[in-house]
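Heads up, the sequence shown is in my numbering, so the first residue is 26 and it goes up one at a time.
We put the beta carbon where it would ideally sit given N, CA and C, even for glycine.
All values reported here derive from a predicted model rather than from experimental measurement.
I have placed the structure first, in the form of structure tokens, so that the comments after it can refer back to it.
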Amino acid sequence: MVKFDVIYQGVNIATMTEGETAYGAILDGYIAIKDGIIAAVGSASDLAPEILNDEETEVFDVPEGLWALPGFIDCHTHLIYGGDRAHEFEMRLQGASYADIAKAGGGINATVKATRALSENELIHASHPRLKAMMDLGVTTVEVKSGYGLTVGDEMKMLHTAKALDRKAGVDIITTFLGAHALPPEYEGNSDGYIDQVCNEMIPKVAEENLADAVDVFCETIGFSPSQTQRVFDAAKDHDIPVKIHAEQLTNQGGAALAAQYGALSADHVEYITQNGVAAMAKAGMVAVLLPGAFYTLQEKQKPPIEAFRAAGVPIALATDCNPGSSPTTSLPLMLHMGCTLFGLTVEEALRGITVNAARALGLTDRGKIATGMRADIAFFPITRPAELAYHIGGIAPELVIKDGIWVDSEAPLAPSCDMRWPLSDSGDIHDLTLMQEDGADAGIFTIEVGPTGFPADSAEHFMMMRTKTELRELATGLTNLMESEQGCSLDIAAMQDEKFLQFHLSTTENNTIFIKTQARHQDGPIYDVFQGDLMPSDARAFIDALKLIST
Numbered sequence: 026m027v028k029f030d031v032i033y034q035g036v037n038i039a040t041m042t043e044g045e046t047a048y049g050a051i052l053d054g055y056i057a058i059k060d061g062i063i064a065a066v067g068s069a070s071d072l073a074p075e076i077l078n079d080e081e082t083e084v085f086d087v088p089e090g091l092w093a094l095p096g097f098i099d100c101h102t103h104l105i106y107g108g109d110r111a112h113e114f115e116m117r118l119q120g121a122s123y124a125d126i127a128k129a130g131g132g133i134n135a136t137v138k139a140t141r142a143l144s145e146n147e148l149i150h151a152s153h154p155r156l157k158a159m160m161d162l163g164v165t166t167v168e169v170k171s172g173y174g175l176t177v178g179d180e181m182k183m184l185h186t187a188k189a190l191d192r193k194a195g196v197d198i199i200t201t202f203l204g205a206h207a208l209p210p211e212y213e214g215n216s217d218g219y220i221d222q223v224c225n226e227m228i229p230k231v232a233e234e235n236l237a238d239a240v241d242v243f244c245e246t247i248g249f250s251p252s253q254t255q256r257v258f259d260a261a262k263d264h265d266i267p268v269k270i271h272a273e274q275l276t277n278q279g280g281a282a283l284a285a286q287y288g289a290l291s292a293d294h295v296e297y298i299t300q301n302g303v304a305a306m307a308k309a310g311m312v313a314v315l316l317p318g319a320f321y322t323l324q325e326k327q328k329p330p331i332e333a334f335r336a337a338g339v340p341i342a343l344a345t346d347c348n349p350g351s352s353p354t355t356s357l358p359l360m361l362h363m364g365c366t367l368f369g370l371t372v373e374e375a376l377r378g379i380t381v382n383a384a385r386a387l388g389l390t391d392r393g394k395i396a397t398g399m400r401a402d403i404a405f406f407p408i409t410r411p412a413e414l415a416y417h418i419g420g421i422a423p424e425l426v427i428k429d430g431i432w433v434d435s436e437a438p439l440a441p442s443c444d445m446r447w448p449l450s451d452s453g454d455i456h457d458l459t460l461m462q463e464d465g466a467d468a469g470i471f472t473i474e475v476g477p478t479g480f481p482a483d484s485a486e487h488f489m490m491m492r493t494k495t496e497l498r499e500l501a502t503g504l505t506n507l508m509e510s511e512q513g514c515s516l517d518i519a520a521m522q523d524e525k526f527l528q529f530h531l532s533t534t535e536n537n538t539i540f541i542k543t544q545a546r547h548q549d550g551p552i553y554d555v556f557q558g559d560l561m562p563s564d565a566r567a568f569i570d571a572l573k574l575i576s577t
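Written out as structure tokens, the structure reads:
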């Protein structure tokens, strides 16, 4: 008999798969999940009694009237930035154009100045409320671009911030390097010189640190020329990074057709694209990402050629374009409404635009549909039909969201960052990683602390983060796998899962290895040694990387 971790039954499902029914709908259906993956989907009447009665499977009877949809995907955002540009909103109301504002020192470079002024930790906490607002409306995957730093260090800072939010917030963040977003003030009159830096310094650094899933360019009269765009794409290709493009937003520069030559994932905005550009996108299998928030805010008149995209078979996606200047919104459901009312999309096209087609725009094949083998990213909405999600201006909040099969808590606080480097310290001081069960906590909630031995109150490396018992076991398993690979030791994780206290003592030795001593304690009993030994430098570095993942 097939085993599942959990079954959600009695729910209407908009699978967003291709089929005979609109939205790929299944009424009174079930979704079975195993190891964070959708293992089966179908009609609830097809569930065998022995599966429902299996003691190892949790069966959740979904309240009547809920619809399940794939977790929403926001495939184009500039989520991370400092400051705001409300004054530019006033300027536009007084007749200033997007180009006028940029020439006057506003626009993107105004946000560059504000973003450069913030530390990585300040950017994390400035951006998290925007990310939380997206999550509250059913978003489980978010693309985040750099492009407000425009120096090597500041672009890296933005991408590191995105990676930190990915680990902290319970949502997948796909990162895009957009160094070619605007010409920074220090390169005024020397755009080719800046593109040299993007190609010769920034992209190699991004590739070395594996910080970007794609490279983007703002190809526009107030951005960068097609020839400069081509140089950036060539550099990205040299480092095996996929490309995408901001194209044909304000004028027709032929950017979409150029990007098609590189097999780009998407062309975004595309209001001024020509039939030749549409044909090139279709041939290359690109996605047209429409951004109605920017169209609306900038009071544009020329709409993207929806009929041409339909006729050519170009998939259409929708995104917020969340940014402080031209689209200050975090509401992907609002984009559903705008995509229908402003651009003439059908509701089904709009919903595909924030699920399956949005996934395709990011080069992702493991999400965007409720189907066997897909990641269990699912949002449950209190609606009577999918059209309600686009009908309501601003959208409807889901009753429940699961990410990789786990319930998402968007209210969970962010943990302060802890910066651990290799080697741990020049002096060989001991550092501790301590996992302690919270007094009176249910569901095995643990606190994690990292810092110098003794955890002085003013230590910059001291932090606390709540984790479930399941996550604790995964953490302990991951850490001990490194020990086992070098020492051949074996820790009985199953036996340790009920321990109240688990501590790793870490110190750098003279030969640049790490000495590890692991101790545990059950309830108020005595502390006992679990394992101690040295890790060689290669494994020690991997160990520190594992600590970074849980301490940021």
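Per DSSP, cross-strand counterpart(s) of residue i
| i | result |
| --- | --- |
| V580 | For the chain, the structure presents residues 26 to 577; residue 580 sits outside this window and is missing. |
| F249 | C244 |
| E168 | I199 |
| N348 | S352 |
| R400 | I62 |
| E83 | V31 |
| D99 | V167 |
| S68 | G54 |
| V137 | Answer is none; V137 lacks a bridge partner. |
Proximal residues to residue i (C-beta, below 7 Å), its chain only, five neighbours per side dropped
| i | result |
| --- | --- |
| A422 | D161 and L162 |
| V266 | The residue asked about is misnamed: residue 266 is Ile in this sequence, not Val. Closer than 7 Å at the Cβ level, and outside the excluded window around I266, lie A232, A237, A239 and V240. |
| D464 | The pLDDT assigned to D464 is 45, lower than 50, so where the model puts this residue is not dependable; a value taken from the coordinates is nonetheless given after this. The answer is none, since no qualifying residue turns up. |
| F334 | V303, A313 and I341 |
| R141 | G174 and D179 |
| D517 | With a pLDDT of 45 at D517, under the threshold of 50, the modelled position of that residue is not reliable, and the figure given next carries that caveat. Same-chain partners within the cutoff: there are none. |
| K262 | Y287 |
| E413 | I421 |
| A466 | The predicted position of A466 is uncertain, since its pLDDT is 40 and thus under 50; a value taken from the coordinates is nonetheless stated next. Cβ within range, chain order: n/a, list empty. |
| Y219 | L208, P209 and Y212 |
| V223 | G204, A205 and V257 |
From the options, residue whose alpha carbon lies closest to that of residue i
| i | options | result |
| --- | --- | --- |
| E43 | G214, S144, N382 and R192 | N382 |
| S351 | L367, D71, G364 and P317 | P317 |
| F202 | V242, G178 and V167 | V242 |
| P340 | T355, T366, T40 and S291 | S291 |
| Q327 | Q222, H294, N146 and A142 | H294 |
| A73 | A50, F29, V36 and E373 | F29 |
| I105 | I58, R155 and G96 | R155 |
| L376 | M360, D391, L389 and G388 | M360 |
| K59 | N37, I38, F85 and V27 | V27 |
| G49 | P95, E83, Q286 and E81 | P95 |
| G54 | S68, E234 and T136 | S68 |
| P580 | R410, G61 and T102 | Residue 580 is absent from the model: the chain starts at 26 and stops at 577. |
| M159 | T176, E325, A194 and L143 | A194 |
| T345 | N225, V164, C224 and A401 | V164 |
| A65 | E75, V31 and G419 | V31 |
| T200 | Y219, K230, N235 and P209 | N235 |
| K138 | R110, D125 and I76 | R110 |
| G364 | I408, A319, L389 and P353 | A319 |
| M116 | L370, T322 and L208 | T322 |
| E147 | G107, G279 and R192 | G107 |
| I149 | G120, A189 and S252 | A189 |
| S171 | I198, R192 and T46 | I198 |
| A336 | I418, L208, Q300 and P358 | Q300 |
Residues near residue i in its chain [Cβ-Cβ closer than 6 Å; skip 5 each side]
| i | result |
| --- | --- |
| A342 | C100, V312, V314, G378, N382, A383 and A386 |
| G405 | Inspection of the sequence shows that residue 405 is occupied by Phe rather than by Gly. Within the same chain, F405 has close Cβ partners L91, A93, P423, E424 and L425. |
| T246 | T276 |
| Y33 | I56, F85 and V87 |
| I38 | I51, G54, A93 and I395 |
| A305 | A282 and A285 |
| D402 | G96, T165, R392 and K428 |
| A415 | L361, H362, C365, V372 and A375 |
8 Å contact criterion, which residue i and residue j should meet: CB distance rounded
| i | j | result |
| --- | --- | --- |
| G174 | E180 | 4 Å |
| A272 | A281 | 4 Å |
| S152 | T176 | About 19 Å; that fails the 8 Å criterion. |
| V257 | A205 | 5 Å |
| I76 | M399 | The pair is not a contact, with the Cβ atoms about 20 Å apart (cut-off 8 Å). |
Closer than 8 Å to chain D by CB, residue i
| i | result |
| --- | --- |
| A50 | Absent here is chain D; the protein component of the structure consists of one chain. |
Near the ligand MN: residue i beta-carbon under 7 Å from a heavy atom
| i | result |
| --- | --- |
| Q222 | Although the ligand MN was asked about, the structure shown includes no ligands whatsoever. |
Close Cβ partners of residue i (< 8 Å) along its chain, the five nearest in sequence each way excluded
| i | result |
| --- | --- |
| D434 | G195 |
| M41 | Y48, G49, L94, P95, L376, R377, T380, V381, G393, K394 and I395 |
Checklist entry - Which ranges would you report for the beta strand (DSSP E) in the region 265-305 if only whole runs of at least 3 residues count? => result Runs of the beta strand (DSSP E) lying entirely within the region 265-305, each at least 3 residues long, are 268-272 and 291-294 in chain order.
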